[in-house]
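Visitor: Read top to bottom, the protein sequences are chains A and B.
Going from the first sequence to this note's numbering is simple: count from 1 and add 7.
Going from the second sequence to this note's numbering is simple: count from 1 and add 22.
The structure follows.
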Amino acid sequence: MSSVSSVAPRPATLPEPKGFDAFLAIAIVAVIAACTRALFFTPIDAMLGAAQKIFYVHVPAAIVGLYFSCGLLFVSSIMYLWIKDERLDRLAESAAEVGLVFMGIVLVTGPVWARTSWGTWWVWEARITSTLFLWLLVLGYLVLRSGVESAEVRARLSAVMGSLAALLVPFIHLTVKLFRGMHPEAVVLAPEKPKMPPEMLLSFGLSMVAFLLLFFALLRLRFRWATLRDARAAMEAA
Amino acid sequence: MIVGVSALVAAVPMRTVATVQDTAGKVAYVPKAGGPPDSSGYMWAGYAITLAVYGGYTVLLLRRLARAKRAR
Numbered sequence: 008m009s010s011v012s013s014v015a016p017r018p019a020t021l022p023e024p025k026g027f028d029a030f031l032a033i034a035i036v037a038v039i040a041a042c043t044r045a046l047f048f049t050p051i052d053a054m055l056g057a058a059q060k061i062f063y064v065h066v067p068a069a070i071v072g073l074y075f076s077c078g079l080l081f082v083s084s085i086m087y088l089w090i091k092d093e094r095l096d097r098l099a100e101s102a103a104e105v106g107l108v109f110m111g112i113v114l115v116t117g118p119v120w121a122r123t124s125w126g127t128w129w130v131w132e133a134r135i136t137s138t139l140f141l142w143l144l145v146l147g148y149l150v151l152r153s154g155v156e157s158a159e160v161r162a163r164l165s166a167v168m169g170s171l172a173a174l175l176v177p178f179i180h181l182t183v184k185l186f187r188g189m190h191p192e193a194v195v196l197a198p199e200k201p202k203m204p205p206e207m208l209l210s211f212g213l214s215m216v217a218f219l220l221l222f223f224a225l226l227r228l229r230f231r232w233a234t235l236r237d238a239r240a241a242m243e244a245a
Numbered sequence: 023m024i025v026g027v028s029a030l031v032a033a034v035p036m037r038t039v040a041t042v043q044d045t046a047g048k049v050a051y052v053p054k055a056g057g058p059p060d061s062s063g064y065m066w067a068g069y070a071i072t073l074a075v076y077g078g079y080t081v082l083l084l085r086r087l088a089r090a091k092r093a094r
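Here is the structure:
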């Protein structure tokens, strides 16, 4: 295997940022359409009432924030430790920040829904508490990054912390099976079949696609900004 | 003019009336006594927070990029 340099080649000039982002525009339209369908064209749940519609933003945010962003954080951190390409470090950083936003949505919309269905804003049970811990770990990861001067040391330390933080995700996934708590088990990804009527399932599917598009659009923007920032730092240092 | 109590009750908007799903009819949901209380305020709060956070973060990223572009 050929040896890999610890620092990837720097661009001679700053990359040109585009003015209009069509992908972001499509993602925003998709999110608005999905929310409109969920709010106005999806039946209200017979048992949980109108607040159940928070499901269409809470669950996609959880799936994207935990599985997609933390999965990406884990893979890119491990890959960085292996091949030392700074683009992987930027990808991990971008996935962590965008994932922090999605996980924040999970932690805020969950209590709003819980207040109506459980009668309380917060319960210190396994799934909710471990999701809060993961959010704090990812926040710590971003704080760590801002506190280290050397780019190489920062990338290495944060890759270790990022990959370790993401290891909490399988545990969070299993909490509803391992511990007795108030958080319900999987509804859509139930082992036998989705426990939802088709209209609700379609609304959920559309929300899932829309928020996935938004995640990748925001990730792309964040990565592009990080590339510009690093290129500027390299030019200033030269 | 004297108004009967039943007329006053009927005139109150059905914002806090208990709800339940009518699965027999064409419309999937109708307000009906015996179901859960109206929680549409929480639903709107959840969506407002979600859209404000995503919108705010998108604007933040676009401003960061625009600032980087101006500083070139």
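Even glycine gets a Cβ: it sits at the ideal position worked out from N, Cα and C.
Please classify A172/A: is it buried, with 16 or more other beta-carbons within 10 angstroms of its beta-carbon, or exposed?
Guide: By the neighbour-count rule (16 or more Cβ atoms within 10 Å), A172/A is buried.
Visitor: So the candidates are L31/A, A233/A and I112/A; which of them puts its Cα closest to the Cα of S153/A?
Guide: The shortest Cα separation from S153/A among L31/A, A233/A and I112/A belongs to A233/A.
Visitor: Mind checking the stretch 226-237 of chain A against chain B and listing, in chain order, the residues whose C-beta falls within less than 8 Å of any C-beta there?
Guide: L228, R229, R231, W232, L235 and R236
Visitor: Any residues in the stretch 55-68 of chain A with a beta carbon nearer than 7 Å to a beta carbon of chain B? Which ones, in chain order?
Guide: L55, G56, A57, A58, K60, I61 and V64
Visitor: Could you list which residues in chain B have their beta carbon closer than 8 Å to that of I112/A, in chain order?
Guide: I71, T72, V75 and Y76
Visitor: How many angstroms separate the CA atom of M86/A from the CA atom of L107/A?
Guide: 21 Å
Visitor: Where E132/A and K91/B are concerned, what is the direct C-alpha to C-alpha distance, given to the nearest angstrom?
Guide: Cα-Cα distance, rounded: 46 Å.
Visitor: Please tell me whether M8/A has its Cβ less than 9 Å away from any Cβ of chain B.
Guide: Residue placement at M8/A is flagged as unreliable, the pLDDT there being 37, under the threshold of 50; the coordinate-derived value follows with that caveat. No, M8/A lies away from the interface with chain B (no Cβ there is under 9 Å from its Cβ).
Visitor: Going by Cα to Cα distance, which pick from F230/A, A32/A and I90/A is closest to R87/B?
Guide: Note that residue 87/B is Leu in the sequence shown, not Arg. The shortest C-alpha separation from L87/B is found at F230/A.
Visitor: Compute the minimum distance between the beta carbon of V38/A and the heavy atoms of the ligand GDP, and state whether it is under 8 Å.
Guide: With respect to small molecules bound, the structure shown includes none, and the ligand GDP cannot be examined in it.
Visitor: Go through its chain and collect everything with a Cβ distance to L143/A's Cβ below 7 Å, but skip five positions before and after it.
Guide: none
Visitor: Round the Cβ separation of L80/A and A99/A to the nearest angstrom and send it over; I've been treating them as touching at under 8 Å.
Guide: Contact flag correct, Cβ pair sits at about 5 Å.
Visitor: For G56/A, list the residues DSSP reports as bridge partners.
Guide: Under DSSP, G56/A forms a beta bridge with D52/A.
Visitor: Quick check for students: name the residue ranges of the alpha helix (DSSP H) that lie wholly in the stretch 133-188 of chain A, counting only runs of 4 or more.
Guide: 133-154, 158-173 and 175-185
Visitor: Got a sec, what are the start and stop residues for the alpha helix (DSSP H) F211/A sits in?
Guide: That run of the alpha helix (DSSP H) goes P205 to A244.
Visitor: Apart from the five residues on each side of it in sequence, which residues of its chain come closer than 6 Å, Cβ to Cβ, to S84/A?
Guide: A99, A166, G169 and S170
Visitor: Report the option in I135/A, F211/A and F223/A whose CA atom is closest to the CA atom of H180/A.
Guide: I135/A
Visitor: Report the rounded CA-to-CA distance for M63/A versus T72/B, giving the unit in angstroms.
Guide: First, the residue type needs correcting, since residue 63/A is Tyr and not Met in the sequence shown. Distance between the alpha carbons of Y63/A and T72/B: 11 Å.
Visitor: Using the beta-carbon of each residue, which ones in chain B are nearer than 8 Å to T116/A?
Guide: Neighbours of T116/A across chain B, judged by C-beta separation under 8 Å: G68, I71 and T72.
Visitor: Determine the direct distance from the alpha carbon of M242/A to that of G117/A, and round the result to whole angstroms.
Guide: The alpha-carbon of G117/A is positioned some 45 Å away from that of M242/A.
Visitor: Look up G111/A in the DSSP assignment and say whether it is helix, strand or coil.
Guide: helix
Visitor: On the three-state DSSP scale, how would you describe D92/A?
Guide: coil
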